[in-house]
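Here's the structure we're looking at; comments come further down.
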Amino acid sequence: MRYEALATDYDGTIARGGHVDEATLAALEELRRTGRRLLLVTGRTLDDLQRVFPHTDLFERVVAENGAVVHAPGPREARVLAEAPPAAFVDRLRARGVPLDTGRVIVATAEPHETTVIETIRDLGLELQVIFNKGAVMVLPSGVNKATGLLRALGEMGLSPHNVVGVGDAENDHAFLAVCECAAAVANALPTLKERADVVTRADHGAGVAELIRALVDSDLAEVEPRLARHHILLGRGPDGEAIAVPPYGVNVILAGTSGSGKSTLTQGFLERLAAARYQFFVIDPEGDYAGLQGAVVLGDSKRVPAVEEVVRLLEDPGRSGVANLLGLPMAHRPEHFEALLAAVSDLRARTGHPHWVVIDEAHHVLPAEHARASQGVPRRLRGAFLITVHADRIAPEVLQEVGLALTVGSEPGETLRRFARAVGARPPRVREPSLAPGEAIAWRPADPRRAPVLFHVAPPDGERRRHVRKYAEGELGPDRSFYFRGPDDRLKLRVQNLSLFNQIAEGLDDETWLFHLRRGDYSRWFREAIKDEDLAREAAAVEQDESLAPGESRARLREAIEARYTAPAESSR
Numbered sequence: 056m057r058y059e060a061l062a063t064d065y066d067g068t069i070a071r072g073g074h075v076d077e078a079t080l081a082a083l084e085e086l087r088r089t090g091r092r093l094l095l096v097t098g099r100t101l102d103d104l105q106r107v108f109p110h111t112d113l114f115e116r117v118v119a120e121n122g123a124v125v126h127a128p129g130p131r132e133a134r135v136l137a138e139a140p141p142a143a144f145v146d147r148l149r150a151r152g153v154p155l156d157t158g159r160v161i162v163a164t165a166e167p168h169e170t171t172v173i174e175t176i177r178d179l180g181l182e183l184q185v186i187f188n189k190g191a192v193m194v195l196p197s198g199v200n201k202a203t204g205l206l207r208a209l210g211e212m213g214l215s216p217h218n219v220v221g222v223g224d225a226e227n228d229h230a231f232l233a234v235c236e237c238a239a240a241v242a243n244a245l246p247t248l249k250e251r252a253d254v255v256t257r258a259d260h261g262a263g264v265a266e267l268i269r270a271l272v273d274s275d276l277a278e279v280e281p282r283l284a285r286h287h288i289l290l291g292r293g294p295d296g297e298a299i300a301v302p303p304y305g306v307n308v309i310l311a312g313t314s315g316s317g318k319s320t321l322t323q324g325f326l327e328r329l330a331a332a333r334y335q336f337f338v339i340d341p342e343g344d345y346a347g348l349q350g351a352v353v354l355g356d357s358k359r360v361p362a363v364e365e366v367v368r369l370l371e372d373p374g375r376s377g378v379a380n381l382l383g384l385p386m387a388h389r390p391e392h393f394e395a396l397l398a399a400v401s402d403l404r405a406r407t408g409h410p411h412w413v414v415i416d417e418a419h420h421v422l423p424a425e426h427a428r429a430s431q432g433v434p435r436r437l438r439g440a441f442l443i444t445v446h447a448d449r450i451a452p453e454v455l456q457e458v459g460l461a462l463t464v465g466s467e468p469g470e471t472l473r474r475f476a477r478a479v480g481a482r483p484p485r486v487r488e489p490s491l492a493p494g495e496a497i498a499w500r501p502a503d504p505r506r507a508p509v510l511f512h513v514a515p516p517d518g519e520r521r522r523h524v525r526k527y528a529e530g531e532l533g534p535d536r537s538f539y540f541r542g543p544d545d546r547l548k549l550r551v552q553n554l555s556l557f558n559q560i561a562e563g564l565d566d567e568t569w570l571f572h573l574r575r576g577d578y579s580r581w582f583r584e585a586i587k588d589e590d591l592a593r594e595a596a597a598v599e600q601d602e603s604l605a606p607g608e609s610r611a612r613l614r615e616a617i618e619a620r621y622t623a624p625a626e627s628s629r
């Protein structure tokens with residue numbers, strides 16, 4: 056399952072007028088029977104909630120007081136996550152006639168008393184925030200909201216927010232819905248919440264939540280995936296700048312190519328972007344090539360084989376990614392140990408939904424076609440596998456049949472894809488490129504023969520991108536890759552060896568020369584072909600095509616675009 060849990064608001068969402076009806080309670084019970092888990096996220100105090108709602112035991116965690124309190128129904132005490140506002144603040148408000156409800160942390164009132172509340176916070180010099188919720192006015196310590204409380208609860212449960220659907224109706228639900236993989240709003244929700252939601256139910260209140268639950272049970276919300284493109288992981292960009300990306304769930308990828316062809320660069324960039332998006336990954340590393348991988352804990356080395364139990368302990372925390380280095384294991388024993396690792400990781404996935412990706416390097420070693428048990432060691436519906444190999448046709452056919460995206464780099468890409476196609480019984484695609492240049496790759500979806508393979512430029516990993524930035528911002532491009540301001544009739548020959556110099560010379564250039572190159576599209580062409588920055592080239596092309604811009608305005612637009620990417624202070628150019 057992609058979605059292991061549902062996090063729901065109370066008032067206005069599962070409850071109408073403070074009451075949850077029997078049909079909604081039945082839907083919540085139905086969801087629990089599928090093995091999914093429930094969290095309640097509310098602005099109410101815990102005591103007030105338990106007074107009006109005697110069914111909190113349906114939920115594995117209750118996040119109360121708008122994120123300030125987390126409670127696990129049962130004998131354990133609720134955890135208070137923040138310090139309450141000082142007593143002087145409460146006393147001052149009551150002295151000014153403001154009606155208050157107080158919890159362990161929260162101080163709550165109602166409109167129109169927000170002005171008095173804000174004035175009192177200012178007068179006392181307190182670091183407090185005011186949160187509105189359909190006429191309610193809640194005061195909490197800065198940085199405390201439903202999102203922080205939900206994340207704390209998920210951490211206790213060993214779940215990732217990438218495996219959670221959230222549903223709400225009001226202003227204070229924005230924060231927690233934003234951290235959920237899929238955000239839903241009931242039909243009675245505020246318009247601003249509906250605008251940002253991935254799903255808006257047809258029914259309101261509890262009936263809307265029951266509608267959402269039915270979709271979760273029936274399809275795991277597979278029909279919503281096209282609306283979740285913001286979660287897709289970038290691989291690179293095609294000739295027209297279109298993003299080549301992979302969904303974070305539901306697809307297996309194979310990356311094949313000769314040694315030294317760029318597989319490591321593509322994989323490193325992919326892993327960096329997974330980590331940046333907080334998707335957990337697990338790398339099976341037969342050759343010890345990921346010993347220095349940032350953002351992951353490496354287990355094992357040339358002398359010690361990582362135990363299955365320590366891998367599972369590491370990955371139970373969704374905030375930590377891992378690498379299993381199998382270099383200390385004889386090659387003949389690697390497939391068997393790999394099977395044990397993958398079985399344990401698959402069990403963890405079945406319970407928690409993570410790790411989200413399993414990256415298998417040298418996949419032909421641990422999943423060889425001739426290994427009699429290879430297909431038995433891989434769950435039939437394994438998803439989120441990223442297979443890396445030199446020999447695409449030497450992996451177990453049952454594994455290759457599950458691949459939804461094939462990538463190739465290096466020499467003879469057509470032959471590489473033909474071998475893969477033959478192994479899965481698909482019609483081989485037509486590939487025009489006899490060989491791919493460094494930084495190029497081809498993507499092909501074998502299940503859709505109508506779609507031709509796509510050539511794209513690999514998005515480099517961040518370390519390589521920083522070297523790229525330094526090189527083109529202040530480095531020394533050769534004469535064949537430099538830009539030359541020549542102007543009409545080749546009257547000038549001002550050579551530009553880097554982007555900083557481009558901005559300097561452009562600033563003092565006469566308008567005639569500047570416009571000569573602008574109208575010819577020379578700037579976007581140089582950015583695309585020599586600087587190899589498709590995004591900068593697209594922005595420059597937009598400036599070149601806007602004939603309403605005065606020369607100074609077009610100069611300023613290009614200068615700002617370059618500075619934002621290359622010549623801003625170190626690290627801020629990211």
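Read in order, the letters of the sequence shown are residues 56 to 629 in my numbering. No residue lacks a Cβ here, since even glycine has one placed at the ideal position from N, Cα and C.
Would you give the residue range spanned by the beta strand (DSSP E) that residue i belongs to?
i, result
"alanine 311", "308 to 312"
"serine 376", "376 to 380"
"glycine 542", "Premise fails: glycine 542 is in no beta strand (DSSP E) and is neither H nor E."
"glycine 291", "288 to 292"
"leucine 396", "Per DSSP, leucine 396 belongs to no beta strand (DSSP E); it is in the alpha helix (DSSP H), 389 to 407."
"glycine 463", "Sequence check: residue 463 is threonine here, not glycine. Segment 460 to 464, the beta strand (DSSP E) holding threonine 463."
"aspartate 340", "336 to 340"
"leucine 442", "440 to 444"
"alanine 596", "No beta strand (DSSP E) holds alanine 596; the alpha helix (DSSP H) holding it covers 589 to 600."
Only counting the same chain, and skipping five residues up and downstream in sequence, which positions put a Cβ closer than 6 Å to that of residue i?
i, result
"alanine 395", "Val363"
"proline 484", "Leu472, Trp499 and Pro508"
"serine 430", "Caution is warranted here: a pLDDT of 47 is assigned to serine 430, below 50, making its placement in the model unreliable, and the coordinate value is therefore given only provisionally. If we look at serine 430 and ignore the five residues flanking it on each side, its Cβ neighbours are Ala451 and Glu453."
"glycine 408", "Glu59 and Asn218"
"aspartate 416", "Asp340 and Ile443"
"leucine 422", "Ala429, Ile450, Ala451 and Val454"
"phenylalanine 231", "Val96, Lys201, Ala202, Leu205 and Gly221"
"valine 107", "Gly73"
"proline 128", "Thr111 and Asp112"
"alanine 631", "An answer regarding residue 631 cannot be provided, because it is not within the stretch 56 to 629 covered by the chain."
"glutamate 594", "Ala616"
"arginine 482", "Pro504"
Would you give the residue range spanned by the alpha helix (DSSP H) that residue i belongs to?
i, result
"leucine 283", "That residue, leucine 283, is in no alpha helix (DSSP H); it is neither H nor E in DSSP."
"aspartate 273", "260 to 274"
"isoleucine 617", "606 to 617"
"leucine 248", "246 to 251"
"arginine 550", "Here arginine 550 belongs to no alpha helix (DSSP H); instead the beta strand (DSSP E) covers 549 to 551."
"leucine 437", "Counting along the chain, leucine 437 falls outside any alpha helix (DSSP H), and DSSP gives it neither H nor E."
"alanine 481", "Here alanine 481 belongs to no alpha helix (DSSP H), and DSSP marks it neither H nor E."
"isoleucine 560", "554 to 563"
Quick one: residues in its chain with C-beta nearer than 8 Å to the C-beta of residue i, no 5 flanking neighbours on either side, listed in chain order?
i, result
"leucine 382", "Asp340, Pro341, Glu342, Gly343, Gly355, Asp356 and Ser357"
"aspartate 102", "Gly158"
"aspartate 577", "Phe538"
"aspartate 601", "Ser609"
"leucine 155", "Val145, Leu148, Arg149, Val162, Ala163 and Thr164"
"arginine 404", "Pro410"
"histidine 287", "Ala298, Ala300, Val301, Pro302 and Pro303"
"isoleucine 617", "Leu554, Phe557, Asn558 and Leu591"
Leaving aside the five residues before and after residue i along the sequence, list all residues of the same chain whose C-beta is less than 7 Å from its C-beta, in chain order.
i, result
"histidine 420", "Pro341, Met386 and Arg389"
"proline 468", "Val486, Glu488, Leu491 and Ile497"
"proline 216", "Leu206, Leu209, Val234, Cys235 and Glu236"
"glutamate 529", "Asn553 and Ser555"
"glutamine 105", "Thr111"
How many whole angstroms separate the CB atoms of residue i and residue j, which I take to be in contact at a CB cut-off of 8 Å?
i, j, result
"glutamate 166", "glycine 190", "5 Å"
"phenylalanine 337", "valine 458", "Not really, about 18 Å apart at Cβ, beyond 8 Å."
"asparagine 558", "glutamate 531", "Not quite, the Cβ-Cβ distance comes to about 16 Å (not below 8 Å), so this is no contact."
"arginine 612", "leucine 591", "With a Cβ gap of about 12 Å, arginine 612 and leucine 591 do not count as contacting."
"tyrosine 334", "valine 378", "Between valine 378 and tyrosine 334 the Cβ distance is about 15 Å, and since that is not below 8 Å, they are no contact."
"aspartate 178", "aspartate 64", "Contact flag wrong, Cβ pair sits at about 33 Å."
Next on the checklist: Give the list of continuous beta strand (DSSP E) stretches no shorter than 3 residues that lie fully inside the segment 492 to 532.
Outcome noted: 495 to 499 and 509 to 513
Next on the checklist: List, from N- to C-terminal side, the alpha helix (DSSP H) runs of 4 residues or more that fit wholly inside the segment 87 to 143.
Outcome noted: 101 to 107
Checklist entry - How about the segment 142 to 150 and the segment 199 to 207: do they share at least three Cβ pairs that are nearer than 8 Å? => result no
Checklist entry - In chain order, which continuous runs of the alpha helix (DSSP H) of length 4 or greater are located wholly inside the segment 154 to 234? => result 169 to 179, 201 to 212 and 229 to 234
Checklist entry - Does the pairing of the segment 73 to 84 with the segment 257 to 274 give three or more beta-carbon distances under 8 Å? => result yes
Next on the checklist: I'd like to know if the segment 320 to 328 and the segment 243 to 261 are in contact, where contact means that at least 3 CB-CB pairs between them fall below 8 Å.
Outcome noted: no
Checklist entry - For the segment 240 to 250 against the segment 85 to 97, are there 3 or more C-beta pairs whose distance is under 8 Å? => result no
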